[in-house]
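When we follow my numbering, the leftmost residue of the sequence shown carries the number 548, and every step to the right adds one.
Even glycine gets a Cβ: it sits at the ideal position worked out from N, Cα and C.
For clarity, every value in this text was computed on a predicted model and none was experimentally measured.
One structure below.
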Amino acid sequence: MKITPAKRTEKITYAIRDVVVESTKLEKQGKKILHLNIGDPNVFDFQTPEHMIRAVNKAMLENKSNYANSMGVTEARESIAKEQERLGIKGVTTDDVLVTTGVSEGIELVLNALVNPGENILTPIPTYPIYLAVVHKINAVPNQYMTNEENGWQPDLDDIKKKINDKTRGIVLINPNNPTGSMYDRNTLEEIIDLANEHSLVIFTDEIYNKILFDGERHTPLASLTDDMPVVTFNGLSKNYICPGWRVGWSVFTGIKDEISGFKEAVFKMARARLSAPGPFQYAIKPALEGPQDHIPEMVSKLQKRRDLLYKRLNEIEGFSCVKPKGAFYAFPKFDLGVKDDREFVLDLLRKKQILTVFGTGFGYPKPDHLRIVFLPPLETLEESFNKLEEYVKENYNK
Ligand SMILES: Cc1ncc(COP(=O)(O)O)c(C=O)c1O
Numbered sequence: 548m549k550i551t552p553a554k555r556t557e558k559i560t561y562a563i564r565d566v567v568v569e570s571t572k573l574e575k576q577g578k579k580i581l582h583l584n585i586g587d588p589n590v591f592d593f594q595t596p597e598h599m600i601r602a603v604n605k606a607m608l609e610n611k612s613n614y615a616n617s618m619g620v621t622e623a624r625e626s627i628a629k630e631q632e633r634l635g636i637k638g639v640t641t642d643d644v645l646v647t648t649g650v651s652e653g654i655e656l657v658l659n660a661l662v663n664p665g666e667n668i669l670t671p672i673p674t675y676p677i678y679l680a681v682v683h684k685i686n687a688v689p690n691q692y693m694t695n696e697e698n699g700w701q702p703d704l705d706d707i708k709k710k711i712n713d714k715t716r717g718i719v720l721i722n723p724n725n726p727t728g729s730m731y732d733r734n735t736l737e738e739i740i741d742l743a744n745e746h747s748l749v750i751f752t753d754e755i756y757n758k759i760l761f762d763g764e765r766h767t768p769l770a771s772l773t774d775d776m777p778v779v780t781f782n783g784l785s786k787n788y789i790c791p792g793w794r795v796g797w798s799v800f801t802g803i804k805d806e807i808s809g810f811k812e813a814v815f816k817m818a819r820a821r822l823s824a825p826g827p828f829q830y831a832i833k834p835a836l837e838g839p840q841d842h843i844p845e846m847v848s849k850l851q852k853r854r855d856l857l858y859k860r861l862n863e864i865e866g867f868s869c870v871k872p873k874g875a876f877y878a879f880p881k882f883d884l885g886v887k888d889d890r891e892f893v894l895d896l897l898r899k900k901q902i903l904t905v906f907g908t909g910f911g912y913p914k915p916d917h918l919r920i921v922f923l924p925p926l927e928t929l930e931e932s933f934n935k936l937e938e939y940v941k942e943n944y945n946k
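Structural data, given as structure tokens:
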């Protein structure tokens, strides 16, 4: 008996992990792969701060391995609420915080609780792919707005205006951005808030990289710019606190309490229906947010050197150009090489030079002329990768 899967699964893809199938095959043949594909700091030379590990250990030894409260462990929710005040987001209480199994689960819960089949949510091009996956899972209609490479990958406000229709329920911003490494300026954020206000949209702002910023840049949390618009801010421990495998994230609900309470309660109802996020790991939230932060400048300083190398080397390769990332650990360079199929380009580069990157169309980019490169690997690995990339381009394109 052949089992037919549900239609909603047809359009779900996750390019970042899909390319790994091919690299695993090559690794089994004994090839050494240079991984520039995955945004996981622990795979490289970054380590979870020890005091966080101790806090989780302690919770486990104290037998706190019970199901946690569905909305999150109280001390963690309190600490996340306090963190919002430090970020300049006013009036957040414990009741406005939901702890989730990574930001990933928060995205699923909030979009499920807001969007009916046939309605749409604006997501950026390029985008972190989970947003499109969730749009398909909930039978919503994809509605994507451009971000402009020529303008440092800032959201294209005119395109956003064009794309809003009477079925649009919200807009997603990823700031700092995966996959472009851009950070949005205050004016752009204010204009987006005005547009959302005019069209009654909920703003979803994914700020999971808000502490990984270069050149002394400062991040403006969108929710700090408005007291009355409904905003859901996503953040978590995965990136800033170097523990993506722990699966700890949170959603913070702000706006006029009366106006958002129905939506927030719907999200909490869905959260109760999935029991809880992993309990013991939530005991790392307070020590993370309120304890020593030394690992952040250390991480940023290492990453900034890697970003500088990437920026220099990529722009030296004929046909390649790259906007300088301001935060996170990704770059989204363009290659003007007449390539018709960027997935094939990435697989060919992998087979011939053992460098693993991710193709731009996997992030919803419409043209096959971008790659996402992760600059978490050490300088030597990056040097070797850019040497090989340069060779590959010379051998195959600039003959
Ligand atoms: C923009 C963005 N949001 C969310 C996530 C997922 O985060 P989490 O590990 O908290 O599920 C990632 C992971 O790469 C990301 O880049």
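Taking the DSSP output, what are the residues bridged to K881? Position 334 of the sequence shown, counted from the first residue, corresponds to residue 881. K881 pairs with S868, H917.
When burial is assigned at 16 or more other CB atoms within 10 Å of the CB, is T640 buried or exposed? As a working mapping, residue 640 is identified with position 93 in the sequence shown. Burial call: exposed.
Cβ of K721 within 8 angstroms of any heavy atom in ligand 1? For this step, residue 721 is matched to residue 174 along the sequence shown. Checking the sequence, you will find Ile at residue 721 rather than Lys. Yes, Cβ of I721 sits closer than 8 angstroms to a heavy atom of ligand 1.
Which whole-angstrom value is the C-beta distance of K709 and L742, which I expect to be below 8 angstroms? Residue numbering aside, residue 709 sits at position 162 when the sequence shown is read from its first letter. Residue numbering aside, residue 742 sits at position 195 when the sequence shown is read from its first letter. Wrong, their Cβ atoms sit about 11 angstroms apart, outside the cutoff.
Is R794 near ligand 1, with its Cβ less than 8 angstroms from a heavy atom? Here residue 794 refers to the residue found at position 247 when the sequence shown is read from its first residue. R794 Cβ: within cutoff of ligand 1.
Which value, in whole angstroms, describes the spacing of the CA atoms of Q851 and G665? As a first step, residue 851 must be located in the sequence shown, where it is residue number 304. As a first step, residue 665 must be located in the sequence shown, where it is residue number 118. Answer to the nearest angstrom: the Cα atoms are 43 angstroms apart.
Check: N757 C-beta below 8 angstroms from any heavy atom of ligand 1: Residue 757 sits at position 210 when you count from the first residue of the sequence shown. Checking the Cβ of N757 against ligand 1 gives no.
Are the Cβ atoms of D895 and D916 separated by less than 9 angstroms? Here residue 895 refers to the residue found at position 348 when the sequence shown is read from its first residue. Here residue 916 refers to the residue found at position 369 when the sequence shown is read from its first residue. Result no, Cβ atoms of D895 and D916 do not sit closer than 9 angstroms.
For the 8 angstroms Cβ check, are there 3 or more pairs between the stretch 600–610 and the stretch 923–937? Touching, no.
Would the beta-carbon of K786 be found less than 8 angstroms away from any heavy atom of ligand 1? Taking the sequence shown and counting its residues from 1, one reaches residue 786 at position 239. At least one heavy atom of ligand 1 lies closer than 8 angstroms to the C-beta of K786.
What do you get for M548, buried or exposed, if any count of 16 or more other CB atoms within 10 angstroms of its CB means buried? The residue given as residue 548 occupies position 1 in the sequence shown. The residue in question, M548, is exposed, as its Cβ has fewer than 16 Cβ neighbours within 10 Å.
Return yes when the C-beta of G909 is under 8 angstroms from any heavy atom of ligand 1, and no when it is not. For the purposes of this step, residue 909 is taken as residue 362 along the sequence shown, with counting starting at 1. G909: no, Cβ never under 8 angstroms from ligand 1.
Could you say if the stretch 624–639 and the stretch 863–873 meet the contact criterion of at least three C-beta pairs nearer than 8 angstroms? no
Classify P588 as helix, strand or coil using the three-state DSSP reduction. Numbered from its first residue, the sequence shown carries residue 588 at position 41. Correct three-state label for P588: helix.
Among residues of its own chain, excluding the 5 on either side of A875, which ones have a beta-carbon nearer than 7 angstroms to its beta-carbon? Within the sequence shown, residue 875 is the residue found at index 328, counting from 1. Excluding residues within five positions, the ones whose Cβ falls inside 7 angstroms are P723, N724, N725, G728, Y756, I759.
Is DSSP giving W793 helix, strand or coil here? Here the question's residue 793 lines up with position 246 in the sequence shown. Three-state DSSP puts W793 in a helix.
Q701 and T735: beta carbons closer than 9 angstroms? The residue you call residue 701 lines up with position 154 of the sequence shown. The residue you call residue 735 lines up with position 188 of the sequence shown. Closer than 9 angstroms, so yes.
Going by CA-CA distance only, name the one from V688, V568, I585, L581 that's closest to N934. Taking the first residue of the sequence shown as 1, we reach residue 934 at position 387. Among V688, V568, I585, L581, the Cα nearest to that of N934 belongs to L581.
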